[in-house]
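A.B. asks: Residue 66 in the numbering used here is what sits at position 13 of the sequence shown, and the numbering runs on without skipping anything.
Ideal Cβ positions, reconstructed from N, Cα and C, are used throughout, including at glycine.
I have a structure I would like to understand better, so I am pasting it below and will then ask my questions one at a time.
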Amino acid sequence: MRVTGGTWAGRRLRAPRGGAVRPTSDRVRESLFARLRDLSGARVLDLYAGTGALGIEALSRGAAAAVFVERARPALACLEANLESLAAGARARVLRADVRAGLARLAREGARFELVLVDPPYGAADAAQALADVARLALLAPAGTLVLETSRRHPPGRVPGLALADERRYGDTLVARYVPEGTSLGGPPAAEADRIAGAGTGNAGEDGA
C-alpha cells in the first residue's frame with residue numbers, strides 16, 4: 054500500500070496483518086482524490102481511520118491538518134507508525150476513541166472540517182449514525198465535502214442535512230460524495246477519476262460497474 058499522489062507519492066504505508074483492517078486500495082484512493090477539489094489548506098477528518106491511508110493521502114496532497122479517529126489497537130499502531138515515518142506529526146492528531154465519542158469531543162471543541170472521510174468496516178452498524186452525527190453536529194464546513202466508502206451491498210440511505218453529490222462503484226466498493234444540503238452539487242469533472250479507476254464509473258443514481 055502506497056501514497057498515490059502529492060508530496061509523499063510512492064511512500065509505503067504499514068497495515069496490520071490479517072483481515073481486521075480493510076485499507077482502501079491504491080486504485081480507489083487515487084480515483085477518489087482525483088474527484089476532489091484542491092485540498093490546499095484544508096482541515097480533514099478521517100473517521101474509522103485504520104492505517105490512516107485516506108487522511109495521509111489528503112495531507113500529502115496539500116491539506117493543512119488532519120484528525121484521525123480510531124480505536125482498534127493494531128490499526129492505531131500502524132497509523133502512528135505511518136505518521137512517524139512521514140514526519141507528519143505536526144499536522145496530525147490521533148483520537149483514540151470510537152467514532153461517536155470522537156465526534157462529540159470535536160463538536161465540543163467547535164471543530165469544522167473542509168473534508169470528512171468515512172471508511173467504516175463493511176456492514177458496520179453505526180456507519181449511518183456517524184454520517185448523521187457529522188451533519189447534526191455541524192462538523193462539516195459550509196463548503197465542505199464528506200466522502201463515504203462502503204460496500205455496494207450496503208448503500209447509504211438519505212442522510213438528514215447532507216445531499217448526495219455523486220457516487221462511483223469499483224467492484225464491490227461504493228464511494229459516495231456528500232455536501233451540505235443547499236450546496237451546489239457541482240464538482241470537478243469525473244473524466245480523470247474514471248480514467249484512473251477504469252471500471253469505476255457512474256454518477257449518482259447510475260451504476261457504472
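1) Are the beta-carbon atoms belonging to GLU83 and THR104 less than 8 angstroms from one another?
2) What is the DSSP secondary structure of PRO195, counted as helix, strand or coil?
3) Is the separation between the beta-carbon of LEU148 and that of ILE109 shorter than 8 angstroms?
4) Alpha carbon to alpha carbon, what distance is there between PRO127 and VAL97?
5) Do LEU201 and ALA229 count as a contact pair if the criterion is CB distance below 8 angstroms?
6) So, using beta-carbon positions, are ARG205 and THR226 closer together than 8 angstroms?
7) Who pairs with SER204 in a beta bridge, going by DSSP?
8) Keeping to the same chain, check which residues put their C-beta closer than 7 angstroms to that of ALA194; ignore five residues upstream and five downstream.
9) Run through the region 120 to 171 for me and flag every whole alpha helix (DSSP H) of 4 or more residues, listed as ranges in chain order.
C.D. replies: In short, the structure shows the following:
1) no
2) strand
3) no
4) 22 angstroms
5) yes
6) ARG205 places its beta carbon less than 8 angstroms from that of THR226.
7) THR226
8) ARG165, PHE166, GLU167
9) 126 to 138, 152 to 161
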